[in-house]
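Participant: Before anything else, here's the structure in question.
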Amino acid sequence: MTGFTRRDFNRAAAAAGATTLAAPALVRAQSKKLKVGVLLPRSGALAFIGQSCQRGADISPALLKEMYGVDVELMNADIESNVDVARSRAEKLIDEGAQVLMGAFDSGPTAAIAQVAEQRKVPLVVNIAAAPQITEQGYKYTFRNFTTAGELITNGLALTRDLFQATGRAPRSAVFMHVNDTFGTSMAKGIAAILPRLDYLPFKIVDTIAYDREARDLSVEVAKAKATNADFILLVSRLNDAILLVRELVKQRWSPQAILSPGSPGMYEAQFYKALGNRYS
Numbered sequence: 382m383t384g385f386t387r388r389d390f391n392r393a394a395a396a397a398g399a400t401t402l403a404a405p406a407l408v409r410a411q412s413k414k415l416k417v418g419v420l421l422p423r424s425g426a427l428a429f430i431g432q433s434c435q436r437g438a439d440i441s442p443a444l445l446k447e448m449y450g451v452d453v454e455l456m457n458a459d460i461e462s463n464v465d466v467a468r469s470r471a472e473k474l475i476d477e478g479a480q481v482l483m484g485a486f487d488s489g490p491t492a493a494i495a496q497v498a499e500q501r502k503v504p505l506v507v508n509i510a511a512a513p514q515i516t517e518q519g520y521k522y523t524f525r526n527f528t529t530a531g532e533l534i535t536n537g538l539a540l541t542r543d544l545f546q547a548t549g550r551a552p553r554s555a556v557f558m559h560v561n562d563t564f565g566t567s568m569a570k571g572i573a574a575i576l577p578r579l580d581y582l583p584f585k586i587v588d589t590i591a592y593d594r595e596a597r598d599l600s601v602e603v604a605k606a607k608a609t610n611a612d613f614i615l616l617v618s619r620l621n622d623a624i625l626l627v628r629e630l631v632k633q634r635w636s637p638q639a640i641l642s643p644g645s646p647g648m649y650e651a652q653f654y655k656a657l658g659n660r661y662s
């Protein structure tokens, strides 16, 4: 990195991408073109969502130029939904002149990129990644622009309470299913710590079932969940496995009262509904 310090970054924080807009007066202090390395999973297990994030990043240079008069050059890198690739691509972007890094949607790769950013003294703006450890290690060059797993869980479960009140239902049991990646594990730890303290929720978790986010078959996991006879599924998922899980529920003819997914991306993506259609979603 040449001639761009952490102090310079603080002046130009708004130019790190569309999700990190800040005060115009501060941004205008940065006269040179800011090179932003954008690290996203445009291929692999998280490709669909990574590509959506990339489209958001792509519109930011024109917006920042129009709104703040800041010239931004994006240096895009596909992390392939892989921790090791994310680390190497971050190194490569810095070697090629990136002054700021932004990414990377997925907590595992983002944690790896944060290590690189700290070692190389290049600011990283976390666009989306909920694992709390990313910003709990005392890093000086990592800036979070997204909530943590604990906050996602607390807010999500509060909405669950509201849903129960609105529908007049009070389920007593849930089976908790989650992906076993960094994000899913962080969410699982958060739920284990937070749920027992929420005495306003009527249910208890009767079993916890983790699975690989790249699994092609969830028949065993769904059968195990079905055997618990739980009232509903509490789910932390990605897009592809959420689709796979719902299809498996249909195959096994299991209709729990609900599938509730506090704070995870699997079931809010448009592709989830396109893939399943109105019949299943």
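Heads up: take any position in the sequence shown, counting from 1, add 381, and you land on the working numbering.
C-beta: ideal position from N, C-alpha, C; glycine also.
This one's a predicted model, so the numbers in the text were calculated from it and none came from an experiment.
1. Are the CB atoms of I475 and R436 within a distance shorter than 8 Å?
2. From what residue to what residue does the beta strand (DSSP E) around A335 run?
3. Note down, in chain order, each residue of its chain lying with its Cβ closer than 6 Å to the Cβ of G531, except the 5 sequence neighbours on either side.
4. Between R597, A608, M558, E602, which has its C-alpha nearest T589's C-alpha?
5. What residue range does the beta strand (DSSP E) around A485 cover?
6. Do M456 and E477 have their C-beta atoms closer together than 8 Å?
7. Leaving out the 5 sequence neighbours to the left and right, which residues in its chain are closer than 7 Å to Y522 when beta-carbon positions are compared?
8. Touch check for the stretch 546 to 563 and the stretch 598 to 617: three-plus C-beta pairs under 8 Å?
9. What does the alpha-carbon distance come out to for the pair T541 and A569?
10. For the stretch 477 to 491 against the stretch 418 to 431, do three or more pairs of beta-carbon atoms, one drawn from each stretch, fall closer than 8 Å, so that the two count as touching?
11. Report all residues from its chain with a CB closer than 6 Å to the CB of E650; omit the five preceding and five following residues, and keep chain order.
12. Assign S636 to one of two classes, buried (16 or more other C-beta atoms within 10 Å of its C-beta) or exposed (fewer than that).
13. Is V451 closer than 8 Å to L415 when the C-beta atoms are compared?
14. Which residues mark the beginning and the end of the beta strand (DSSP E) in which K416 is found?
15. May I have the straight-line CA-CA distance separating T535 from I575, to the nearest angstrom?
16. If you drop the 5 nearest sequence neighbours on each side, which residues of the same chain put their C-beta closer than 7 Å to that of L630?
17. Cα separation between E595 and Q518?
18. Would you call the CB atoms of V617 and S645 closer than 8 Å?
19. In angstroms with no decimal places, state the Cα-to-Cα distance between D593 and G647.
20. Taking the C-alpha atoms as reference points, what is the distance between R628 and T491?
21. Quick one: grab the DSSP three-state call for M648.
22. With a threshold of 8 Å between beta-carbons, can Y522 be considered close to chain B, or not?
23. Let's see if you can read the secondary structure: which residues bound the alpha helix (DSSP H) around A443?
24. For A611 versus V587, is the C-beta distance shorter than 8 Å?
25. Between which two residues does the alpha helix (DSSP H) harbouring R578 extend?
26. On a CA-only basis, which of F545, N508, K632, F653 is nearest C434? Give me that one, please.
27. Can you tell me the Cα-Cα spacing of V425 and A467, whole angstroms?
Facilitator: In short, the structure shows the following:
1. Taking the sequence shown and counting its residues from 1, the one referred to as residue 436 is at position 55. Taking the sequence shown and counting its residues from 1, the one referred to as residue 475 is at position 94. Against a cut-off of 8 Å, the Cβ pair of I475 and R436 comes out as no contact.
2. Since the first residue of the chain shown is 382 and the last is 662, residue 335 is not available in this structure.
3. In the sequence shown, counting from the first residue as 1, residue 531 sits at position 150. Leaving aside the five residues that flank G531 on each side, the residues in its chain whose CB is nearer than 6 Å to its CB run, in chain order, G571.
4. As a position in the sequence shown, residue 589 is number 208, starting the count at 1. Among R597, A608, M558, E602, the Cα nearest to that of T589 is on M558.
5. Along the sequence shown, one-based indexing puts residue 485 at 104. First-last for A485: undefined, no H or E at that position.
6. Counting from one through the sequence shown, the residue named residue 456 turns up at place 75. Counting from one through the sequence shown, the residue named residue 477 turns up at place 96. Yes, the pair counts as a contact, with Cβ atoms nearer than the cut-off.
7. The residue given as residue 522 occupies position 141 in the sequence shown. Around Y522: R387, A498, E499, K502, V503, P504, L505.
8. yes
9. Locating residue 541 in the sequence shown gives position 160, counting from the first residue. Locating residue 569 in the sequence shown gives position 188, counting from the first residue. Taking the straight line from one Cα to the other gives about 17 Å.
10. yes
11. Position 269 of the sequence shown, counting from 1, holds the residue named residue 650. Counting only Cβ-Cβ distances below 6 Å, and skipping sequence neighbours, we find L620.
12. In the sequence shown, counting from the first residue as 1, residue 636 sits at position 255. By the 10 Å Cβ count, S636 comes out exposed.
13. Counting from one through the sequence shown, the residue named residue 415 turns up at place 34. Counting from one through the sequence shown, the residue named residue 451 turns up at place 70. The criterion of a C-beta distance shorter than 8 Å is satisfied by L415 and V451.
14. Along the sequence shown, read from residue 1 onward, the residue named residue 416 stands at position 35. From DSSP, the beta strand (DSSP E) with K416 extends over 415 to 421.
15. Numbered from 1 along the sequence shown, position 154 holds the residue referred to as residue 535. Numbered from 1 along the sequence shown, position 194 holds the residue referred to as residue 575. Rounded to whole angstroms, T535 to I575 spans 7 Å at the Cα level.
16. Stepping through the sequence shown from its first residue, residue 630 is reached at position 249. Within the same chain, L630 has close Cβ partners V603.
17. By one-based count along the sequence shown, residue 595 stands at place 214. By one-based count along the sequence shown, residue 518 stands at place 137. Spanning the two alpha carbons is a distance of roughly 29 Å.
18. As a working mapping, residue 617 is identified with position 236 in the sequence shown. As a working mapping, residue 645 is identified with position 264 in the sequence shown. Taking C-beta atoms as the reference points, V617 and S645 count as a pair closer than 8 Å.
19. Here residue 593 refers to the residue found at position 212 of the sequence shown. Here residue 647 refers to the residue found at position 266 of the sequence shown. Cα to Cα, D593 sits roughly 14 Å from G647.
20. Position 247 of the sequence shown holds residue 628. Position 110 of the sequence shown holds residue 491. Taking the straight line joining both Cα atoms gives about 30 Å.
21. On the sequence shown, position 267 is the one that residue 648 refers to. Looking at M648 - three-state DSSP - the assignment turns out to be coil, as it is neither helix nor strand.
22. No chain B is present in this structure, which holds just one protein chain.
23. As a first step, residue 443 is located in the sequence shown; it is residue number 62 there, counting from the start. 441 to 449 is the extent of the alpha helix (DSSP H) around A443.
24. Stepping through the sequence shown from its first residue, residue 611 is reached at position 230. Stepping through the sequence shown from its first residue, residue 587 is reached at position 206. Contact flag set, yes.
25. Within the sequence shown, numbered from 1, the residue matching residue 578 stands at position 197. No alpha helix (DSSP H) holds R578; DSSP gives it neither H nor E.
26. For the purposes of this step, residue 434 is taken as the residue at position 53 of the sequence shown. For the residues F545, N508, K632, F653, the minimum Cα distance to C434 belongs to N508.
27. Position 44 of the sequence shown, counting from 1, holds the residue named residue 425. Position 86 of the sequence shown, counting from 1, holds the residue named residue 467. It is Gly, not Val, that sits at residue 425 in the sequence shown. Approximately 12 Å between the Cα atoms of the pair.
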